[in-house]
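J.: Those protein sequence lines, which keep their order, are chains A and X.
The first sequence begins at 1234 in the numbering used here and counts up one residue at a time.
The second sequence begins at 6 in the numbering used here and counts up one residue at a time.
I'd like to ask you about the structure that follows.
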Amino acid sequence: MSKKIDERIPQSSGDGAYFKAYNGIQSPWNRIYSYQDALHYASRFESVLSAAATQALRIIVPDYKERAQMMCEEAIERLYMTGKYYGDDDGFGIHPFMCGQYAGALIGDKGDDALLMCGRCQDFGTYRAEKELDVCDWDICGSELCRTTTMSLQGQAKASAERRRKGPDIDYMMVEAKGCGDRHCRIIAESREKYPAPPHELWESFGPAVTDDMKKVTAEEDCVSESMMFREECNYRFANGTNNETDSSNQMINMSTGASLYILPAIAETVKRGYVTREHADHILKCVLEAAGKAMFGERYAIKACRDWLGVPDSIGEDGRIMGGLIEMLLQSLVCAYEVEAFNKDEVIYVIDRSGLEITATKDMPETHLWMWGGMVKTLVNAQWSLWEEDSPAGKMRIKIAKRIDKFM
Amino acid sequence: MYKNIFKYDDMKRSEHMAVRTAVGWYFWTHQILEIKGPDVTAFLDYMFPNDISSLAVGRDRYTTMLNEEGEIIDDVVVMRMEENRYWVSTLFATKTDDWWYFHQGDYDVEWGEITDEWEMYAVQGPKSRELVEGLAKESLADLKFFAHRDAKIDGIPCMINRGGFSGEKWGYEIYVHPEDCDALEALLKPSAEKLGGRQVTEFQVMAWTLPTEANFYYMRDLAHTNPFEAGLEKNIQWDKDFIGKEALLKIKEEGPRREFVGFEVPEADVYIRAKQYGGPGEPVYIDGEEEEVGRVSKMVYSYVKEVNNGYILAKKDTLHIGDRIKIHGYDAVVTEKKWL
């Protein structure tokens, strides 16, 4: 195998395609996509990966209630601790006079927009808040994730409230969820002091809301498909009711995914609770992610679409460069640094900065990508081709795409 | 059917009306930047369009803060504590701190945030003077509006400032150290109840329904507007230099492109999106016409007038009092901006 780099690729290709210098991404064949498209691409890809990871979790803990309760317990505690030690009330527009847990809704509101989960706040007060989403890329991951994300609000709200004067505790519930097939996601947060209801377990944070008659449902024709930061009518700024304003530099696509923030930590929790060993959990994850990767290009039209999206010339046939180009698009979209060590018809080698893929500081996120890519290459190129990690320097993941025969593959 | 979140809410109603008819007290701590130094008055005069130099020690002044384009980036109350020491009450201390830092230049001033050292309680309503005088055991008759002085309430050291965000003629703000909050609340609660008042706990009442009835703005309303559009140009001191002056003079000469108008929606149970929750606000159309003439900045409920009320940021001179308009399909009417 040579280490030759084709004409297309000076070693510096990709420089300037990072967000720092150029607000877009660029394929090896100079197909350029906007920053906005890049965020949407990365968001949905990571959501697909998260959906696959959820299947692994479902295998490990088959019972829905047991699984959802465990996920919620793990998430609320972790997000509470995160909020406690890293909370930035001023950064979320939480004013000093805001007492109690309702102000936690401001954290979720801002995060939604940065994650492209566009919609609108319908109510925001000391005893009740309501947020309606029209879009959620995580809607394919499973309803247990919807339940769990609600607990992140609960945990953050609790942490924030402890830094301020005592006020009402708030019960955050996702009373509608796109992950359940609803038109919208709808969080309704209610004070039980003002709106009494029987206590419920964490996993039951789905309502019904006591104030169901107060909800405001947006009709289909009034729904939006973009975050405020990408909408002209909003002057391309997210703004909440306390005048906390941000622009598209505040994106969170490379900071928070379903897998990184909830699913992989939940799998780690299953190991901690003795459901499986770490090795067994990784084995299940690898199996599921490889299968999901293979499914992505099982149909010929998906391959054609991918080649078109990347701008692959007809002169390039079935080889690893197509898979490599696709990986580059994701890495650029996630602002993950990488170097091209080889890019030719025989082999493609990247040296990827692991920390760029360790989203939310989740250490096993690079492996989940590796396993999924390992499946994708089998159908995007063909079964002669493999993708594996080899000779990685410290802090890096060196991946190689080449033909390989393995009798135990 | 979209149930009105204000009209049928007895708690919000009683908290709001306590302020209008008797007295309401609430935890209302803002961020405070303390700024001092030999050049402090000149510096603040450059930061703010309203006059600071004429402010006497012990008095306060409301002012906007502008960027170079003349847009309002904050609205604050400046309190003169000593000849060369001021407090600036804001809800955006971090941004203001940055703004000052980048514009300090050669001004000999220093500042810091002292929010953690002071909590503030608002006491608002026609019986607020009676309540605060009863607690402080001294007459406040000579304390003018936007004036403050040190006092003691049952041995608790505090600063009493006459002012507020409710539109009430009589209203006070009591500043205490955080460790004295419990003791002060224990005194405020029974005193207010004795006068037919109560604690205001609802954010929407203290920040939205009370101020809107009185034509006060929350910073979300003012963002990306200029003082001429907001009707806040009256006290600008034109014979000094301040950030945004050049742009503002141009606006003054050409006239503002937009203006705030009041509106009411007679139907109680409606769905109208307003900027107070974030986002762009609902578009506004003159009845029978297709061109958008403005956006809803705020829509709340006037418990005094028993009607949905709020502000529209409209193209200048397109909407006039009494005009019939459509907002998200609902009939509305343009009104004055005051409901008291």
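Positions of the beta carbon are idealized from the N, C-alpha and C atoms, including for glycine.
Since we're looking at a predicted model, the values are computed, not measured.
Give me the chain X residues within the contact set of A/Pro1329, using Cβ-Cβ distance strictly less than 7 Å, ordered along the chain.
T.: Start at 1 with the first residue of the first sequence, and residue 1329 of chain A comes out as number 96. In chain order: Thr34, His35, Gln36, Thr120.
J.: Count the other CB atoms, across all protein chains shown, that sit within 10 Å of the CB of A/Ser1245; report buried if there are 16 or more and exposed otherwise.
T.: The sequence position of residue 1245 of chain A within the first sequence is 12, counting from 1. Caution applies to A/Ser1245, whose pLDDT of 49 falls short of 50 and renders its modelled position unreliable; the model cannot decide the point.
J.: For A/Thr1444 and A/Lys1596, I'd like the C-alpha separation in whole angstroms.
T.: As a first step, residue 1444 of chain A is located in the first sequence; it is residue number 211 there, counting from the start. As a first step, residue 1596 of chain A is located in the first sequence; it is residue number 363 there, counting from the start. Cα to Cα, A/Thr1444 sits roughly 41 Å from A/Lys1596.
J.: Tell me the DSSP bridge mates of A/Cys1456?
T.: By one-based count along the first sequence, residue 1456 of chain A stands at place 223. None, per the DSSP bridge assignment.
J.: Note down, in chain order, each residue of its chain lying with its Cβ closer than 8 Å to the Cβ of A/Ile1242, except the 5 sequence neighbours on either side.
T.: Residue numbering aside, residue 1242 of chain A sits at position 9 when the first sequence is read from its first letter. The predicted position of A/Ile1242 is uncertain, since its pLDDT is 42 and thus under 50; no value can be drawn from it.
J.: Output, in sequence order along the chain, the residues in the region 201 to 212 of chain X whose CB is closer than 8 Å to any CB in chain A.
T.: Thr206, Glu207, Phe208, Gln209, Met211
J.: So, helix, strand or coil for X/Phe335, using DSSP?
T.: Locating residue 335 of chain X in the second sequence gives position 330, counting from the first residue. According to the sequence provided, residue 335 of chain X is Tyr. The question's Phe does not apply to it. Here X/Tyr335 sits in strand by DSSP.
J.: Given that A/Phe1357 touches chain X, what residues does it touch there, using C-beta distances under 7 Å?
T.: As a working note, residue 1357 of chain A is residue 124 in the first sequence. Here the neighbours are Tyr282.
J.: I want to verify the contact list: residues of chain X whose CB lies under 9 Å from the CB of A/Ala1442, in sequence order.
T.: Position 209 of the first sequence, counted from the start, is the residue given in the question as residue 1442 of chain A. In chain order: nothing, as chain X lies at least about 12 Å away.
J.: If you draw a straight line from the alpha carbon of X/His153 to that of X/Lys17, how long is it in whole angstroms?
T.: Locating residue 153 of chain X in the second sequence gives position 148, counting from the first residue. Locating residue 17 of chain X in the second sequence gives position 12, counting from the first residue. Note on geometry: alpha-carbon atoms of X/His153 and X/Lys17 lie some 30 Å from one another.
J.: Among X/Val62, X/Gly63, X/Val81, which residue has its Cα nearest to the Cα of X/Leu71?
T.: Looking up residue 71 of chain X in the second sequence gives position 66. Nearest of X/Val62, X/Gly63, X/Val81 to X/Leu71, Cα basis: X/Val81.
J.: Using a C-beta cutoff of 8 Å, does A/Cys1369 count as contacting chain X?
T.: In the first sequence, counting from the first residue as 1, residue 1369 of chain A sits at position 136. Closer than 8 Å: no.
J.: Kindly indicate if chain A contains any beta-carbon less than 8 Å away from that of X/Met16.
T.: As a position in the second sequence, residue 16 of chain X is number 11, starting the count at 1. Closer than 8 Å to some Cβ of chain A, the Cβ of X/Met16 qualifies, so yes.
J.: List, in order along the chain, the chain A residues whose C-beta lies closer than 7 Å to that of X/Ile10?
T.: Walking along the second sequence from the start, residue 10 of chain X turns up at place 5. Residues of chain A passing the Cβ test: Asp1356, Met1447.
J.: What residues in its chain sit with their C-beta under 7 Å from that of X/Arg134, if we drop five residues either side in the sequence?
T.: The count along the second sequence starts at 1 and reaches residue 134 of chain X at position 129. If we look at X/Arg134 and ignore the five residues flanking it on each side, its Cβ neighbours are Leu145, Trp175.
J.: Per DSSP, X/Lys303 is paired with what?
T.: On the second sequence, position 298 is the one that residue 303 of chain X refers to. Partner(s): X/Tyr316.
J.: Hey, is A/Ala1198's beta-carbon within less than 8 Å of any beta-carbon in chain X?
T.: Since the first residue of chain A shown is 1234 and the last is 1642, residue 1198 of chain A is not available in this structure.
J.: Nearest to A/Met1567 by alpha carbon, out of A/Ile1592, A/Trp1604, A/Ile1309, A/Phe1463?
T.: For the purposes of this step, residue 1567 of chain A is identified with residue 334 of the first sequence, where counting begins at 1. At residue 1567 of chain A the sequence reads Leu, which differs from the Met that was named. The shortest C-alpha separation from A/Leu1567 is found at A/Ile1592.
J.: Helix or strand or just coil, what does DSSP make of A/Cys1354?
T.: Stepping through the first sequence from its first residue, residue 1354 of chain A is reached at position 121. The answer is strand: DSSP assigns A/Cys1354 an E or B state.
J.: Taking 8 Å as the cut-off, decide whether the C-beta atoms of X/Gly168 and X/Phe151 are in contact.
T.: Residue 168 of chain X sits at position 163 when you count from the first residue of the second sequence. Residue 151 of chain X sits at position 146 when you count from the first residue of the second sequence. For X/Gly168 and X/Phe151, yes; Cβs fall inside 8 Å.
J.: Tell me the start and end of each unbroken beta strand (DSSP E) in the region 126 to 188 of chain X that is at least 3 residues and wholly inside, in chain order.
T.: Segments of the beta strand (DSSP E) lying fully in the region 126 to 188 of chain X: 153 to 158, 161 to 167, 176 to 181.
J.: Between X/Arg225 and chain A, is the shortest Cβ-Cβ distance under 8 Å, so that the two count as touching?
T.: Reading the second sequence from its first residue, position 220 is the one you call residue 225 of chain X. Judged by the 8 Å Cβ criterion, X/Arg225 is in contact with chain A.
J.: Could you name each continuous beta strand (DSSP E) segment of 3 residues or more that falls completely within the region 1389 to 1460 of chain A, going from the start of the chain to the end?
T.: 1403 to 1409, 1418 to 1424
J.: Given A/Leu1497, which residues of its chain have a CB within under 8 Å of its CB, disregarding the five upstream and five downstream residues?
T.: To locate residue 1497 of chain A, count along the first sequence from 1; it is residue 264. Correct list, in chain order: Ala1286, Thr1595, Asp1597, Met1598, Thr1601.
J.: For chain A, check one thing: does any of its Cβ atoms lie closer than 8 Å to the Cβ of X/Leu193?
T.: Translated into positions along the second sequence, residue 193 of chain X becomes position 188. No, X/Leu193 does not count as interfacial toward chain A.
J.: Quick one: Cα of A/Ser1460 to Cα of X/Arg66, how far?
T.: For the purposes of this step, residue 1460 of chain A is identified with residue 227 of the first sequence, where counting begins at 1. For the purposes of this step, residue 66 of chain X is identified with residue 61 of the second sequence, where counting begins at 1. If I take the Cα positions, the gap works out to 38 Å.
J.: Taking the continuous beta strand (DSSP E) assigned at X/Asp79, which residues delimit it?
T.: Looking up residue 79 of chain X in the second sequence gives position 74. Counting along the chain, the beta strand (DSSP E) containing X/Asp79 begins and ends at 77 to 87.
J.: Kindly say whether X/Thr217, judged by its beta-carbon, lies nearer than 8 Å to any beta-carbon of chain A.
T.: As a first step, residue 217 of chain X is located in the second sequence; it is residue number 212 there, counting from the start. Not closer than 8 Å to any Cβ of chain A, the Cβ of X/Thr217 fails to qualify, so no.
J.: So does the region 263 to 282 of chain X actually touch the region 303 to 314 of chain X, counting three or more Cβ pairs closer than 8 Å?
T.: yes
J.: Which term fits X/Trp243, buried or exposed, when burial requires 16 or more other beta carbons within 10 angstroms of its beta carbon?
T.: Here residue 243 of chain X refers to the residue found at position 238 when the second sequence is read from its first residue. Exposed, by the Cβ-count rule.
J.: To the nearest angstrom, how far is the alpha carbon of X/Phe398 from that of X/Val305?
T.: Past the edges of chain X, shown from 6 to 345, lies residue 398 of chain X, and the structure says nothing about it.
J.: Listing by chain order, which chain X residues have their CB less than 7 Å from the CB of A/Asp1322?
T.: Working through the first sequence from its first residue, we reach residue 1322 of chain A at position 89. The contacting residues do not exist; A/Asp1322 stays about 10 Å from chain X at best.
J.: For the region 1464 to 1482 of chain A, which residues have a beta carbon sitting closer than 8 Å to at least one beta carbon of chain X?
T.: Arg1464, Glu1466, Cys1467, Asn1468, Phe1471, Ala1472, Asn1473, Gly1474, Thr1475, Asn1476, Glu1478
J.: On the CB-based measure, 16 or more other CB atoms within 10 Å of its CB, does A/Ala1392 come out buried or exposed?
T.: Counted from its first residue, the first sequence places residue 1392 of chain A at position 159. Buried, since its Cβ has 16 or more Cβ neighbours within 10 Å.
J.: If you draw a straight line from the C-alpha of X/Ile158 to the C-alpha of X/Met125, how long is it?
T.: Locating residue 158 of chain X in the second sequence gives position 153, counting from the first residue. Locating residue 125 of chain X in the second sequence gives position 120, counting from the first residue. Going from the Cα of X/Ile158 to the Cα of X/Met125 covers about 14 Å.
J.: Report all residues from its chain with a CB closer than 7 Å to the CB of A/Met1485; omit the five preceding and five following residues, and keep chain order.
T.: On the first sequence, residue 1485 of chain A is found 252 positions in, with the first residue counted as 1. So the qualifying residues of the chain are Gly1344, Ala1347, Leu1348.
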